[in-house]
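Which chain is which? The protein sequence lines are A, B, C and D, in order.
This note's numbering puts the first residue of the first sequence at -13, with every later residue one more than the last.
This note's numbering puts the first residue of the second sequence at -13, with every later residue one more than the last.
This note's numbering puts the first residue of the third sequence at -13, with every later residue one more than the last.
This note's numbering puts the first residue of the fourth sequence at -13, with every later residue one more than the last.
All residues carry an ideal CB built from backbone N, CA and C; glycine is no exception.
Comments concern the structure below.
Protein chains: 4
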Amino acid sequence: MSDVNAILLLSCADRKGIVAKISDFIFRHNGNIVHADQHTSKKDKLFFIRIEWELNGFALNREEISAAFAPLAKHFKMKWDLHFTDYTPRMAIFVSRHLHCLHDLILRRHMGELAVNVEAVISNHNDARDLVEQFGLKFFHFPITTGNKRQQEIKELRLLREMNIDLVVLARYMQVLSGKFLDHYPNKIINIHHSFLPAFAGGNPYQQAYNRGVKIIGATGHYVTEQLDEGPIIAQDVIKISHRDAIADIQTKSKDLERIVLARALRLHLENRILVYGSKTIVFE
Amino acid sequence: MSDVNAILLLSCADRKGIVAKISDFIFRHNGNIVHADQHTSKKDKLFFIRIEWELNGFALNREEISAAFAPLAKHFKMKWDLHFTDYTPRMAIFVSRHLHCLHDLILRRHMGELAVNVEAVISNHNDARDLVEQFGLKFFHFPITTGNKRQQEIKELRLLREMNIDLVVLARYMQVLSGKFLDHYPNKIINIHHSFLPAFAGGNPYQQAYNRGVKIIGATGHYVTEQLDEGPIIAQDVIKISHRDAIADIQTKSKDLERIVLARALRLHLENRILVYGSKTIVFE
Amino acid sequence: MSDVNAILLLSCADRKGIVAKISDFIFRHNGNIVHADQHTSKKDKLFFIRIEWELNGFALNREEISAAFAPLAKHFKMKWDLHFTDYTPRMAIFVSRHLHCLHDLILRRHMGELAVNVEAVISNHNDARDLVEQFGLKFFHFPITTGNKRQQEIKELRLLREMNIDLVVLARYMQVLSGKFLDHYPNKIINIHHSFLPAFAGGNPYQQAYNRGVKIIGATGHYVTEQLDEGPIIAQDVIKISHRDAIADIQTKSKDLERIVLARALRLHLENRILVYGSKTIVFE
Amino acid sequence: MSDVNAILLLSCADRKGIVAKISDFIFRHNGNIVHADQHTSKKDKLFFIRIEWELNGFALNREEISAAFAPLAKHFKMKWDLHFTDYTPRMAIFVSRHLHCLHDLILRRHMGELAVNVEAVISNHNDARDLVEQFGLKFFHFPITTGNKRQQEIKELRLLREMNIDLVVLARYMQVLSGKFLDHYPNKIINIHHSFLPAFAGGNPYQQAYNRGVKIIGATGHYVTEQLDEGPIIAQDVIKISHRDAIADIQTKSKDLERIVLARALRLHLENRILVYGSKTIVFE
């Protein structure tokens, strides 16, 4: 347990003494805080914190921490999650025919840049199969037709459950997931949208950007909600374009952005740095 | 005339020999080209060029150039404009109560950064008067009420004509100009919009950005057309924000952007680097 | 005292319980923490924190806080500073002949963007006088020759003391200040360097950047130390350039950067967000 | 030959009529110019142009163009190169133990983003072998010791010649190539340096950046010359860091930059958009 840390992500109504009580809880059990970052929304009178401390020397076993913390959480009516830095989440990647984000995630995992296990790659097409299997990963093909969508989602969900998937990434997956599907993974499904949301929401943002003549394009990593392209935004980035950029050039530039923004959003999630708050995120970087 | 250049900005249907004919025209009259930049839209089969040459040693007087070039332009059915680098355009600035862009333009002019004469500052409020007069510039107050808008526009237009205004800049002017007004200055009115268009078009983009929880905000410099916020975009830039930024912080960050983007758009216009093409611009940087 | 906050900026050797003790101190006196951000340097085993709480309802008068906190600070051997958000620092600006940063600071102050009083503008030239006096500010001319530098510094220091200056900004001041001068304002003198330090330290960075053919230039806001251009960096920003940019263009682009970076560095200082640590800064944004 | 273009990259002393003569040459042979971009260095009185036209309908076969153009080139004492867009260059990648750039290049090639054939991957270590062979590419191991460097270079050169390599990319290759080696590939060897040159030239730029406390780090793609880290810069990009970033974080952020900057520099080279001029580049984007 030598280098493992505990991370508490919590929110509650703002009032006096919250930091004092939480830090006292950690101190009383002989914990050393290595990172603490708080945010207070004055407008909504809400308090948010991410606090990380070393388990090494901590008086409680990791199994005991939740029970010990619960009374304090109850007192302040906190919404909270406890994470440990040695847990490697189990991820499924959904993809269609544009494979650049999938490629990138596989390579980052391969190079040890992302602390996540890629348990399954799921697609409505077969294009990704060779690449996925070449890296020794599991590929599942769920073709979608106009008639079978609900049934396929049920099968996909069953597979995700069987594999104990913690986290789903939509790496340019061109199917809309139903609300029923999303309910199983609240704030656990990350999508990359190939525009600077809310600009060019909906279909074919490259074409939309070209038509409008914007001078900058972007990409957006966000949690998926039923309102398409309106989920809480985790990360965004942009790149300049000019009149010289035809749609194919816009696509090429955007693909670099999409890779980086998706990887960044995923890393923030994996490091437990995100609190969702309404349709927005608090990102403790 | 020692250091003066001529600049030709033109567009026409793409066909063979256009560059050859234009450059031959300049060469035959003993001109030295110092900058040439062309763009061909394959999709629309259109040709665009900006070509700049030294008048020093050129065989034609500046008054003779247009007539000499006209047959060639007619042959290729060109739309074209001829500019000379020693002409300093006469500009009017429209502003309401947010003065940061006005401030910035005045200072840039004062420091010699912008080759333009600020002939008039026109406002529907009196807030800017002191600053404007402090720098020895002329201030005109045209209050707008629900009933007098058309009449005030007529008076403003008369003033602009009397002052031989070439160019209007809307430096956070919160009134919508009528189509009739715009018709007098086609592609000669530059607006700064305080969002990354087309995101957050319309009113209160700071609030919209805050509500949506975007991680990046922007500003857009564009020519004004009747379709509000849909004119051809000249320049855009962005800056990162986070959950820590309240609306006042977003405003502070945005104001820096707005100054810079407006100044950049204006400079591109003053240097005759922009060709408008449908709802888009070609910017020869 | 309704909206005033107290801000504690402190550092000490890292050990358990620091956050708990500080937050308990605030909570015991009925304070409400509105912002807390900590950083732990694992490598150097050092702890840094910025913590801000409301004085409204706090049990101690602002005059009593330091004495009440001192025992805790002594126990942990803290280096600490206490600030109040209603104190407006008194600033002197040093400038030579490039006035764009001075201009910018004066305007931001004029528009209420910076919570600082510009008490004096000091220059080794007279170029800035008109502008400074036009805005009703005090201008002092201290011409520097090869022989009089030390004497002029003594006079400048006397003036700064008489005016109770808290903070000095070098807004493109082209004289090197002596170590003796700097000793009077440790981490209280901010300089803007017109390059992306450590690239192009020393003289004429525009020319250096042009000669080297870099594709991006930058500007750096930093605290001044005796080692020229090696003081702790507060803020940096960059902009793209190309082969088309002659030295004059590089200068024009850089001047926009310099304004923004200096204003950002100054704002971070004024908001008490900076802890200096060796030759580096911790910036709690 | 339907969609093939010819590209002329040339430079010469600036004088009147160059554009006219070149465009007339193309027009006389019935060529349609699709892109022309020129640059004139006023300071050095030099002229640079990139001009691209369609071979479809052009009166000369591609084998005849050079001979037909030679008299004109001789008259103006031009340095020039002629390229055709259907030629796919043959590239060798040199790499040591950091494989992220290699990975990225292989994937981009695999996805069809780069018009280049990866003929060989050469390394002084064996780390890259599995990945390279997994993608069906050829891997060559040339271990370097203190004594064998010159001999290994001779063998590497022989291999490059046998494989008709046009272009070498150093994708984080940690050996310095000798001047004799470089002489065989003038302006044909591209390196990625993991800093914003000229800042942090030499070894371990991540550590240097950390120690200096900069707020932005960068990466630089450049042609390799004998003066280490001083070759003509093709592309640079940067990313923000903060006091929170330990060296491992700086490395992670930098690796994203390095991939993108190397890919961008390579693409500009492959599209024949670069003219080298002394220690600088003209990049016709």
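Interface partners of residue i on chain D, CB under 7 angstroms
| i | result |
| --- | --- |
| S265 (chain C) | G199 |
Rounded straight-line distance, which links the Cα of residue j to that of residue i
| i | j | result |
| --- | --- | --- |
| I4 (chain D) | R158 (chain A) | 49 angstroms |
| V154 (chain A) | F128 (chain A) | 15 angstroms |
| A(-8) (chain B) | T74 (chain B) | 14 angstroms |
| Y196 (chain D) | A232 (chain D) | 7 angstroms |
| I268 (chain A) | E244 (chain B) | 26 angstroms |
| L143 (chain B) | D152 (chain B) | 12 angstroms |
| I176 (chain C) | H208 (chain C) | 6 angstroms |
| M(-13) (chain B) | P218 (chain D) | With a pLDDT of only 49 at M(-13) (chain B), under the threshold of 50, the placement of this residue in the model should not be trusted; the figure read from the coordinates follows. Spanning the two alpha carbons is a distance of roughly 37 angstroms. |
| L256 (chain B) | A101 (chain B) | 7 angstroms |
| V247 (chain C) | I92 (chain C) | 15 angstroms |
| G133 (chain C) | N110 (chain C) | 14 angstroms |
| K266 (chain A) | R250 (chain D) | 34 angstroms |
Host beta strand (DSSP E) of residue i (start-end)
| i | result |
| --- | --- |
| A(-8) (chain A) | N(-9) to A(-1) |
| Q222 (chain D) | I219 to K226 |
| I37 (chain B) | L32 to E40 |
| H69 (chain A) | K65 to F70 |
| R230 (chain B) | Neither: R230 (chain B) is in no beta strand (DSSP E) and is coded neither H nor E. |
| Y209 (chain B) | I202 to Y209 |
| N177 (chain D) | I175 to H179 |
| I260 (chain D) | I260 to Y263 |
| I151 (chain C) | Looking at the DSSP string, I151 (chain C) is not in any beta strand (DSSP E), and its letter there is neither H nor E. |
Minimum Cβ-Cβ distance from residue i to chain D less than 8 angstroms
| i | result |
| --- | --- |
| D113 (chain A) | no |
| P218 (chain C) | yes |
| V162 (chain B) | no |
Cβ of residue i within 8 angstroms of any chain C Cβ
| i | result |
| --- | --- |
| A185 (chain D) | yes |
| V269 (chain D) | yes |
| I202 (chain D) | yes |
| F55 (chain A) | no |
| F13 (chain A) | yes |
Contact set between residue i and chain A, taken where Cβ atoms lie within less than 8 angstroms
| i | result |
| --- | --- |
| N16 (chain C) | K2 |
Where the alpha helix (DSSP H) containing residue i begins and where it ends
| i | result |
| --- | --- |
| D23 (chain B) | From DSSP, D23 (chain B) is part of no alpha helix (DSSP H) but of the beta strand (DSSP E) over N18 to S27. |
| A59 (chain B) | R48 to H61 |
| G165 (chain D) | G165 to D169 |
| I268 (chain D) | From DSSP, I268 (chain D) is part of no alpha helix (DSSP H) but of the beta strand (DSSP E) over K266 to V269. |
| L143 (chain A) | K135 to E148 |
| F11 (chain C) | I4 to R14 |
| A106 (chain B) | Not the alpha helix (DSSP H): A106 (chain B) falls in the beta strand (DSSP E), residues N103 to S109. |
| A195 (chain A) | P191 to R198 |
Chain A contact residues for residue i, given Cβ-Cβ distances below 9 angstroms
| i | result |
| --- | --- |
| H61 (chain C) | Those do not exist, as H61 (chain C) stays about 14 angstroms from chain A at its closest Cβ, beyond 9 angstroms. |
8 angstroms Cβ cut-off: residues of chain D touching residue i
| i | result |
| --- | --- |
| H25 (chain C) | H229 and R230 |
Residue-chain proximity (residue i, chain F), Cβ-Cβ < 8 angstroms
| i | result |
| --- | --- |
| H179 (chain B) | Checking the listed chains, one finds no chain F in this structure; the protein chains it contains are A, B, C and D. |
Below-8 angstroms beta-carbon distance, residue i vs any chain B residue
| i | result |
| --- | --- |
| I260 (chain A) | no |
| M(-13) (chain C) | Reliability of the predicted coordinates at M(-13) (chain C) is poor, the pLDDT of 49 falling under 50, and the value obtained from them is presented with this limitation in mind. With 8 angstroms as the cut-off, M(-13) (chain C) does not count as an interface residue toward chain B. |
Below-8 angstroms beta-carbon distance, residue i vs any chain A residue
| i | result |
| --- | --- |
| H21 (chain C) | yes |
Chain B contact residues for residue i, given Cβ-Cβ distances below 9 angstroms
| i | result |
| --- | --- |
| F182 (chain A) | F182, A185, V200, I202, G204 and V224 |
Beta-carbon neighbours of residue i, restricted to chain B and to distances below 7 angstroms
| i | result |
| --- | --- |
| D10 (chain D) | A6 and D10 |
*In the segment 221 to 251 of chain C, which residues sit with their C-beta less than 9 angstroms from some C-beta in chain B, listed in chain order?*
Those residues of the segment 221 to 251 of chain C that come within reach of chain B (Cβ to Cβ, closer than 9 angstroms) are S228, R230, T238, K241, D242, R245, I246, A249 and R250.
*Compile a chain-ordered list of the residues in the segment 69 to 102 of chain B whose CB is closer than 8 angstroms to at least one CB of chain C.*
L85, H86, H89, D90, L93, H96, M97 and E99
*Please name the residues in the segment 119 to 132 of chain C whose beta-carbon is closer than 7 angstroms to at least one beta-carbon of chain B, in chain order.*
Q120
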